[in-house]
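Positions 1 to 742 (the UniProt record's numbering) are the ones given, in order, by the sequence shown. All C-beta atoms in this analysis are idealised placements derived from N, C-alpha and C, irrespective of residue type, glycine included. Since this is a predicted model, take the numbers as computed values, not measurements. Written below as structure tokens is the structure these notes are about.
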Amino acid sequence: MCLVRQSASKSPQGPSPVGLAQTLRPRLALSNFVPKPQTLAPCPIRSHHLAMDSSGAEAAAGATETKKKPPAAAKGKAVGKGKPAGPKASASAKESSLLKQKSPAEFFAENKNIAGFDNPGKSLYTTMRELVENALDSAESISELPDIEITIEEITKSKFNTMIGLVDRERVDEALYDDFESEKAREKRLAKEARFQETQAKNAALGKKVKEAPAVRGKGRGEAAFFKVTCKDNGRGMPHDDIPNMLGRVLSGTKYGLRQTRGKFGLGAKMALIWSKMSTGLPIEIKSSMKGQHYVSFCRLDIDIHKNVPHVHLHEKRENKTHWHGAEIQVIIEGNWTTHRSKILHYMRQMAVITPYAQFLFRFLADAADKNLTIKFARRTDVMPPVPLQTKHHPSAVDLLLIKRLIAETTKQNLLQFLQHEFVNISKSHAERLIGEMGPDFSPKMTVKSLTSQQLVRIHQLFRQAKFDDPSGNCLSPAGEYNLRLGIIKELHPDMVATHASSPQVFEGHPFIVEAGISIGGKDVKQGLNIFRFANRIPLLFEQGADVITRTAVKRINWSSYKINQQQDKIGVFVSIVSTKIPFKGTGKEYIGDDITEISSAVKSALKQCCLQLKSKIVKKLQARERQDRKRNLNRYIPDVARAIMETLVEIADESPPKRPRYDKEDEELLEKINSQEVTEITFKDCLTQHVEQVDYEMALDYAMQSGVSEEPREAIFLNSLEGSYKSVDFRSPVFVFRFIL
Numbered sequence: 001m002c003l004v005r006q007s008a009s010k011s012p013q014g015p016s017p018v019g020l021a022q023t024l025r026p027r028l029a030l031s032n033f034v035p036k037p038q039t040l041a042p043c044p045i046r047s048h049h050l051a052m053d054s055s056g057a058e059a060a061a062g063a064t065e066t067k068k069k070p071p072a073a074a075k076g077k078a079v080g081k082g083k084p085a086g087p088k089a090s091a092s093a094k095e096s097s098l099l100k101q102k103s104p105a106e107f108f109a110e111n112k113n114i115a116g117f118d119n120p121g122k123s124l125y126t127t128m129r130e131l132v133e134n135a136l137d138s139a140e141s142i143s144e145l146p147d148i149e150i151t152i153e154e155i156t157k158s159k160f161n162t163m164i165g166l167v168d169r170e171r172v173d174e175a176l177y178d179d180f181e182s183e184k185a186r187e188k189r190l191a192k193e194a195r196f197q198e199t200q201a202k203n204a205a206l207g208k209k210v211k212e213a214p215a216v217r218g219k220g221r222g223e224a225a226f227f228k229v230t231c232k233d234n235g236r237g238m239p240h241d242d243i244p245n246m247l248g249r250v251l252s253g254t255k256y257g258l259r260q261t262r263g264k265f266g267l268g269a270k271m272a273l274i275w276s277k278m279s280t281g282l283p284i285e286i287k288s289s290m291k292g293q294h295y296v297s298f299c300r301l302d303i304d305i306h307k308n309v310p311h312v313h314l315h316e317k318r319e320n321k322t323h324w325h326g327a328e329i330q331v332i333i334e335g336n337w338t339t340h341r342s343k344i345l346h347y348m349r350q351m352a353v354i355t356p357y358a359q360f361l362f363r364f365l366a367d368a369a370d371k372n373l374t375i376k377f378a379r380r381t382d383v384m385p386p387v388p389l390q391t392k393h394h395p396s397a398v399d400l401l402l403i404k405r406l407i408a409e410t411t412k413q414n415l416l417q418f419l420q421h422e423f424v425n426i427s428k429s430h431a432e433r434l435i436g437e438m439g440p441d442f443s444p445k446m447t448v449k450s451l452t453s454q455q456l457v458r459i460h461q462l463f464r465q466a467k468f469d470d471p472s473g474n475c476l477s478p479a480g481e482y483n484l485r486l487g488i489i490k491e492l493h494p495d496m497v498a499t500h501a502s503s504p505q506v507f508e509g510h511p512f513i514v515e516a517g518i519s520i521g522g523k524d525v526k527q528g529l530n531i532f533r534f535a536n537r538i539p540l541l542f543e544q545g546a547d548v549i550t551r552t553a554v555k556r557i558n559w560s561s562y563k564i565n566q567q568q569d570k571i572g573v574f575v576s577i578v579s580t581k582i583p584f585k586g587t588g589k590e591y592i593g594d595d596i597t598e599i600s601s602a603v604k605s606a607l608k609q610c611c612l613q614l615k616s617k618i619v620k621k622l623q624a625r626e627r628q629d630r631k632r633n634l635n636r637y638i639p640d641v642a643r644a645i646m647e648t649l650v651e652i653a654d655e656s657p658p659k660r661p662r663y664d665k666e667d668e669e670l671l672e673k674i675n676s677q678e679v680t681e682i683t684f685k686d687c688l689t690q691h692v693e694q695v696d697y698e699m700a701l702d703y704a705m706q707s708g709v710s711e712e713p714r715e716a717i718f719l720n721s722l723e724g725s726y727k728s729v730d731f732r733s734p735v736f737v738f739r740f741i742l
């Protein structure tokens, strides 16, 4: 073997390959020229000069190009335009260009925080909330007084492993786990605890306040906790064949349409099923029976997240011996009771406030029996709000896409009928005026299906500019002042309460009603403002600071002008907003924005009306307190006054009789009675006491005449309804409901 230096030197038989390649290839710009070090290549012992033809020159040129590629590639630069990259790069580019789709179930599984499943603790709260709201809707849809049982049962890790057939294993390599504490870290922790205890001992010796030892938190994330959540109701139930699709297919349900609904996304128990599949992998179990059915439907299923279809494990009919109707849903999920215990209990308490006609039985079954919890929220009334009605769209609240969908779904043939029957507040004469305003291309008898895109845009533009009457709000179902007042009294036991319901108002073509209540005093109520927010009769517990209700109560109400001390009084602020469209803000839909003037003004007005009611009550209460103080002060001075009068009269009686009579006949009789001791100091005390009582009675009677009541009730009274079925007519008032039994 020999090494031959490759260079640009000339050969006797012709130009060298390098020289020929340099002649054939394009001239390089000086800025792109990169000098190459000379390289040594092996060659055979038999050396000869290669005769180069045109093909050989092309091959040499290609070889030269290949030799000049590594420096550019080493710098990460493109080798040349149009040249294919390596096989991995081309495969990656091909894969990135493929069009992919996600099912609705897959989207919500990847973005579970949107539906309120941010972490295990909130997932437990959201699961319970969704099941309770579904149960309420089911019972109210058939005008049945809701009777709901909620059970949250704690499942330990070992019990969970037994349920799925997994054998527990002891740790072999402790250092492998996240909660492992090294010897050095343990010594450091113990030294810190010793220093803390020493400091607390010194403070105790000096009489200073002693702090509690901080809780020891491990480094690790801790073991997962599992819970079995069960919700049972007495509602409508579900048809046997529809159960898989109602609970195993995301964005499918019976609540879609323009109406007041409790739901936020239309997910309900389906999101709980997705979370169950993600955290435990276990299916959901459903029992359901409709009124009059002699069987109970039992279904065990989970969901195929990628296809958004139910996966049914078991679906059968069982005997209904107790003639029960309703639904019972049971799901096992990962959760955290410790972090969200207060939120869950607050939710149940606020739900009892806004739905006093419902009865809730809440149970928490812990692994340790002493931590079990049972709370019953009893029914206070049997007066239920009316069922929300589905309504038609207001012309000012539609867009082009909605107009196209309404045209595709309508059964009306011509444009005049379409405008009359598919929208609210468009009469026949109004529809004819609108069609005349649209232009010569429109006529009342034209087929609605034949409208072009340009004509649809014209209709949409006219809807946005024309004047329409506001929707009436008859489709809404507020809780009612009566129920709101009962709920507040039942749960808080306040000293006084005031409620107010606004008339239907409109924003962006959607009607809404604001109901407000303010209470003073009560049990388990902190000093200051305690704000309770409701949207479509469901409590809102998160993101309170940015809500329109909170900002209005804190910043826009001058509480002192209504004789209310914002800092010291126990003030409960209750505001419920119902609408066909609640303008939630944020991905979690946990608060109503403060940027809608109509809602902000309505909330402020409702709260002011409640404050005015309370002010009159507070003023009267202050006046009554002043009278009591005045009476107390008078009674305190009665003994001294009686003694002073008696001493003065005794001195006058002991004087020698004057030559001229100085006193009237009555006065002389009084002096004689004093001499004979018929009138004593005790007599004056009794007379003064009777006079004070008489004055107080007259003032109290005058107060009763002004207020219209003779005496405030000292104890809350609730009359149960008669047993059995009967016909009745209700006469409703903001503060009571009178039921006339036929």
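- Of the other Cβ atoms in all chains shown, fewer than 16 fall within 10 Å of the Cβ of A624; this residue is therefore exposed.
- The beta-carbon separation of F532 and V506, rounded to 25 angstroms, does not stay under the 8 angstroms limit for a contact.
- Under DSSP, no beta-bridge partner is assigned to D686.
- The same chain holds no residue with a CB closer than 7 angstroms to that of K202 once the five nearest residues on each side in sequence are set aside.
- In this model, R405 and F423 are separated by some 13 angstroms (Cα to Cα).
- Here the region 274-291 makes contact with the region 325-333; the two share three or more CB pairs at distances below 8 angstroms.
- Of all alpha-carbon atoms in I303, T689, I652, D304, the one lying nearest the alpha-carbon of L671 is that of I652.
- Scanning its chain for C-beta atoms nearer than 7 angstroms, with the 5 sequence neighbours on each side dropped, one finds around T580 the residues L258, R259, Q260, T391, C475, H510, P511, in chain order.
- Under the DSSP assignment, P104 falls in the alpha helix (DSSP H) whose first and last residues are 104-110.
- With a threshold of 16 other beta carbon atoms within 10 Å, P440 falls short and is exposed.
- By the C-beta criterion, the region 306-321 is judged not to be in contact with the region 330-348, since fewer than 3 inter-stretch pairs fall below 8 angstroms.
- An exposed status is given to E626, since fewer than 16 other beta-carbon atoms sit within 10 Å of its beta-carbon.
- In the three-state reduction of the DSSP assignment, P244 falls in the helix class.
- Contact annotation: T126 and R363 have beta-carbon atoms that are not nearer than 7 angstroms.
- In this structure, V448 and N414 form a Cβ contact; the two beta carbons are roughly 6 angstroms apart against a cut-off of 8 angstroms.
- In this structure E106 is not in contact with A272, their Cβ atoms being roughly 17 angstroms apart against a cut-off of 8 angstroms.
- Counting other Cβ atoms within 10 Å of its Cβ, G165 stays below 16 and is therefore classed as exposed.
- In the structure shown, C611 adopts helical secondary structure according to DSSP, grouped into three states.
- Selection A501, G545, E515, Q567 evaluated against K526 yields Q567 as nearest (Cα-Cα).
- Assignment of K287 by DSSP, reduced to helix, strand and coil, places it in the strand class.
- The three-state reading of DSSP puts V457 in helix, counting H, G and I together.
- By DSSP's assignment, G517 forms a beta bridge with T499, F574.
- When the five nearest sequence neighbours on each side are left out, the beta carbons in the same chain lying within less than 6 angstroms of the beta carbon of F298 are those of K287, E316, R318, in order along the chain.
- Under the DSSP assignment, F532 falls in the beta strand (DSSP E) whose first and last residues are 528-535.
- In the three-state scheme derived from DSSP, where H, G and I count as helix and E and B as strand, V695 is classed as helix.
- In the three-state reduction of the DSSP assignment, A378 falls in the coil class, being assigned neither a helical nor a strand state.
- In the three-state DSSP reduction, K665 falls in the helix class (H, G or I).
- By the Cβ-count criterion, P310 is buried, with 16 or more other Cβ atoms from all chains shown falling within 10 Å of its own Cβ.
- In the DSSP assignment, the residues bridged to N414 are T447.
- Fully contained in the region 538-586 are the following alpha helix (DSSP H) runs of length 4 or more, in chain order: 548-555.
- If you check the CB distance, T550 and Q544 come in under 7 angstroms.
- Around the CB of V167, fewer than 16 other CB atoms lie within 10 Å, so the residue is classed as exposed.
- In this structure K376 touches L361 by the C-beta definition: roughly 5 angstroms separates them, less than 8 angstroms.
- With 16 or more other CB atoms across the displayed protein chains lying within 10 angstroms of its CB, A352 is buried.
- DSSP, read as helix, strand or coil, puts A408 in helix.
- DSSP places E319 in the uninterrupted beta strand (DSSP E) bounded by 309-319.
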